[in-house]
Amino acid sequence: MTKPKMTKVTVNVSLGQGGERLAKIAQVLKEITGQEPSYRKAKKTIRDFGIRKGENIAVSVTLKGEKAEAFLRKAFEAVGNKIKYSSFDDYGNVSFGIKEHISIPGVRYDPEIGVFGMDVSITI
Numbered sequence: 186m187t188k189p190k191m192t193k194v195t196v197n198v199s200l201g202q203g204g205e206r207l208a209k210i211a212q213v214l215k216e217i218t219g220q221e222p223s224y225r226k227a228k229k230t231i232r233d234f235g236i237r238k239g240e241n242i243a244v245s246v247t248l249k250g251e252k253a254e255a256f257l258r259k260a261f262e263a264v265g266n267k268i269k270y271s272s273f274d275d276y277g278n279v280s281f282g283i284k285e286h287i288s289i290p291g292v293r294y295d296p297e298i299g300v301f302g303m304d305v306s307i308t309i
């Protein structure tokens, strides 16, 4: 029987607004993961939230290999090395959230950015 291997780790931070704060969050994500994040655009306009179609509203990073393993060590420490059973899907993939980015070891609070959360997905 073969052991399952991790294919990739995807880290996503969805702010719901663009601008300077999103650029600063992208910089923090780059420092945490060691890789340049890519911006994600809004698919449609939502007037109530002030979001326009095509506006950058999120950043994400896809990590593979040693970078993925190094990030996961930090991410698991941020959630207390525990993952809920409901975080697993039928195929062995795992997704969990980190409520505050400052809970990741080595990350300091910056009052200009504030606190943001992130979603981590591990693909087998």
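Heads up, the sequence shown is in the working numbering, so the first residue is 186 and it goes up one at a time.
Quick reminder that beta carbons are idealized off the backbone N, C-alpha and C, glycines included.
Being a predicted model, the structure only gives us computed values, none of them experimental.
Taking a C-beta distance under 8 Å as the contact criterion, residue 303 and residue 283 qualify as a contact pair. Residue range 223-226 is occupied by the beta strand (DSSP E) that includes residue 226. DSSP places residue 213 outside any beta strand (DSSP E); the residue lies instead in the alpha helix (DSSP H), whose first and last residues are 205-218.
Secondary structure of residue 301 (DSSP, three-state): coil. Three or more Cβ pairs closer than 8 Å define a contact, and the segment 231-249 falls short of that threshold against the segment 265-274.
Residue 193 carries a strand assignment under DSSP once its states are collapsed to helix, strand and coil. Between the alpha carbons of residue 202 and residue 231 lies a gap of roughly 11 Å.
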